[in-house]
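If you want this note's numbering, it's the position in the sequence shown, counting the first as 1, plus 461.
From the three backbone atoms N, C-alpha and C, an ideal C-beta is built for every residue, glycine too.
To start, the structure under review is shown below, and the notes come after it.
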Amino acid sequence: MHIVQITTTHPPHDVRVFYKIARTLLEAGNRVTLLQMFNGDADPYPGIEYEIIPRPGNRFKRVLAGRKLGPVALELKGDVYIIHDTEILSLAAFLSKREKKVIHDAMEPYPDFLAEKPWVPRILRPVVRKAAAIAEMRGSKNSDGLIVAMKENSERLKPSGKPILMLHNFPKIEDILEHRPPKENTVIYVGGVMRQRKGTEIASMSEHFAPGGLLEGWRLDIIGPIHFSNYGRKCREIAAPHIDKGYLKFPGVMEPYDKVLKMIESARFGLSLVEPTRNYSQIISTKIFDYMAKGTIPIATWLQSYEGLITDADGPVFIAPGDEAKVPSIIADLLKDGTAMRQRAETCLKSVREKFNWEQDAQYLPAFIEKIVGGD
Numbered sequence: 462m463h464i465v466q467i468t469t470t471h472p473p474h475d476v477r478v479f480y481k482i483a484r485t486l487l488e489a490g491n492r493v494t495l496l497q498m499f500n501g502d503a504d505p506y507p508g509i510e511y512e513i514i515p516r517p518g519n520r521f522k523r524v525l526a527g528r529k530l531g532p533v534a535l536e537l538k539g540d541v542y543i544i545h546d547t548e549i550l551s552l553a554a555f556l557s558k559r560e561k562k563v564i565h566d567a568m569e570p571y572p573d574f575l576a577e578k579p580w581v582p583r584i585l586r587p588v589v590r591k592a593a594a595i596a597e598m599r600g601s602k603n604s605d606g607l608i609v610a611m612k613e614n615s616e617r618l619k620p621s622g623k624p625i626l627m628l629h630n631f632p633k634i635e636d637i638l639e640h641r642p643p644k645e646n647t648v649i650y651v652g653g654v655m656r657q658r659k660g661t662e663i664a665s666m667s668e669h670f671a672p673g674g675l676l677e678g679w680r681l682d683i684i685g686p687i688h689f690s691n692y693g694r695k696c697r698e699i700a701a702p703h704i705d706k707g708y709l710k711f712p713g714v715m716e717p718y719d720k721v722l723k724m725i726e727s728a729r730f731g732l733s734l735v736e737p738t739r740n741y742s743q744i745i746s747t748k749i750f751d752y753m754a755k756g757t758i759p760i761a762t763w764l765q766s767y768e769g770l771i772t773d774a775d776g777p778v779f780i781a782p783g784d785e786a787k788v789p790s791i792i793a794d795l796l797k798d799g800t801a802m803r804q805r806a807e808t809c810l811k812s813v814r815e816k817f818n819w820e821q822d823a824q825y826l827p828a829f830i831e832k833i834v835g836g837d
């Protein structure tokens, strides 16, 4: 079976699109082509085919240019097409009219995420949210099946009447350690540095790692791209007195995925802090599970989306929204009992091996696609 994955925003080696979904389908014996908008070349991976077209820098031009992907997709002669970006979900109608099978990968609460973009005027957000929801539902109805990464998406898109596969963004088994490795006295944050991810609060923690601070002798690693220049400057200003002092790493860019995993592996604690806005309160932070897979204890904001999925008993330390300033003290308290801390790290490893791994859901992906292609 020839499966074509289409995306306008994800890079060639995106963790979910390439590393997890494409490789899973390839390993199941399928031919896989990634049709992507990207400026640059894709590093080859054995068995994966790439069709790359230039990506405009302007988001509006990108969406308009996304229409060009339809004819290119047809030329690839796929048996089924997976659309990974809701902004180009109109392709579902284009492909369906030409008797092609289409699957929509709904990774995030798109209407809320789009409405909360900083370039959307506040007064227009309700209108944008409603319009996006209508467009998403129309695209889902034009699809033959849906893949979702969280229960909120499944509930929102259930009225489409299409078959739905839950595919959580959990770590692959090959990335889960068997035993807790040697650790450095490091606290790590991996992800975009932005207001919704508590960027200034994390940058403000730097002072606790300075000489005389609560976590003196430890290092804080903030690994990820800075979103939105004004906010980024504010984060940099807060962290400025501590940069290049040996206890703060803040490059302002995302490192390659394999390097990030190694950095997580050496850290004792990993941060996943979130402002529970309407959109972010629905997410499931994949970083929590990436941390756990390396025996690194997550300290995370508790969100309603975690209800029924994960608890403190699985290893993480959850804090209430708004309690981010307490994180250094929480870490200091955990350090008082080394045995309990090691046991918590081992619990994290055990939980992801048994419950929170990619293969738990992905084992059903090839059959799900085959059923859609077969029309059963």
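Thinking C-alpha only, which one of the options is nearest residue i?
| i | options | result |
| --- | --- | --- |
| residue 507 | 513, 517, 483 | 483 |
| residue 804 | 773, 788, 783 | 773 |
| residue 816 | 633, 543, 779 | 633 |
| residue 518 | 511, 510, 527, 512 | 527 |
| residue 485 | 833, 826, 834, 835 | 826 |
| residue 672 | 709, 734, 580, 475 | 709 |
| residue 704 | 664, 784, 592, 778 | 664 |
| residue 555 | 601, 702, 471 | 601 |
| residue 828 | 699, 466, 624 | 624 |
| residue 532 | 797, 646, 561 | 561 |
| residue 761 | 512, 801, 648 | 648 |
| residue 680 | 830, 707, 688 | 707 |
| residue 467 | 719, 742, 520, 529 | 529 |
| residue 795 | 717, 782, 777, 581 | 777 |
| residue 622 | 631, 630, 629, 603 | 603 |
| residue 718 | 656, 480, 643, 491 | 480 |
| residue 787 | 644, 563, 666 | 666 |
| residue 645 | 661, 797, 723, 782 | 723 |
| residue 668 | 702, 682, 588, 643 | 702 |
| residue 699 | 677, 682, 493, 660 | 660 |
So, using beta-carbon positions, are residue i and residue j closer together than 8 angstroms?
| i | j | result |
| --- | --- | --- |
| residue 730 | residue 813 | no |
| residue 550 | residue 565 | yes |
| residue 537 | residue 544 | no |
| residue 573 | residue 691 | no |
| residue 784 | residue 627 | no |
| residue 658 | residue 734 | yes |
| residue 780 | residue 791 | yes |
| residue 539 | residue 478 | no |
| residue 800 | residue 775 | no |
| residue 833 | residue 546 | no |
| residue 524 | residue 488 | no |
| residue 579 | residue 598 | no |
| residue 541 | residue 830 | yes |
My assumption, with CB atoms under 8 angstroms, is that residue i sits in contact with residue j. Please give the rounded CB distance.
| i | j | result |
| --- | --- | --- |
| residue 744 | residue 727 | Residue 744 to residue 727, Cβ: 26 angstroms. No contact. |
| residue 764 | residue 789 | 22 angstroms between Cβ atoms; not a contact. |
| residue 651 | residue 696 | At roughly 15 angstroms, the Cβ-Cβ gap does not stay under 8 angstroms, so residue 651 and residue 696 are not in contact. |
| residue 514 | residue 495 | About 11 angstroms; that fails the 8 angstroms criterion. |
| residue 674 | residue 715 | Incorrect: roughly 27 angstroms between the Cβ atoms, too far for contact. |
| residue 631 | residue 819 | 5 angstroms |
Distance cutoff 8 angstroms, beta carbons only. Does residue i sit that close to anything in chain D?
| i | result |
| --- | --- |
| residue 698 | Protein chains in the displayed structure number just one, and chain D is not present. |
Item to check | Those runs of the beta strand (DSSP E) which lie wholly inside the stretch 710–774 and span at least 3 residues | outcome: Correct list: 730–733, 758–762.
Next on the checklist: Quick check for students: name the residue ranges of the beta strand (DSSP E) that lie wholly in the stretch 478–512, counting only runs of 3 or more.
Outcome noted: Listed in chain order, they are 492–498.
Checklist entry - Taking contact to mean at least 3 C-beta pairs separated by less than 8 angstroms, is the stretch 567–575 in contact with the stretch 602–613? => result In short, these stretches touch, since the Cβ pair count reaches three.
Checklist entry - At what residue ranges does the stretch 569–598 contain a whole run of the beta strand (DSSP E), taking only runs of 3 or more? => result Here no run is fully enclosed.
Next on the checklist: Any contact between the stretch 714–728 and the stretch 754–762? By contact I mean 3 or more CB pairs, one from each, below 8 angstroms.
Outcome noted: Yes: at least three Cβ pairs fall under 8 angstroms.
Next on the checklist: When you compare the stretch 625–642 with the stretch 579–597, are there three or more beta-carbon pairs, one atom per stretch, that lie closer than 8 angstroms?
Outcome noted: No contact exists between the stretch 625–642 and the stretch 579–597.
Checklist entry - So, do the stretch 493–503 and the stretch 466–480 have three or more beta carbon pairs nearer to each other than 8 angstroms? => result The stretch 493–503 makes contact with the stretch 466–480: 3 or more CB pairs, one atom from each, lie closer than 8 angstroms.
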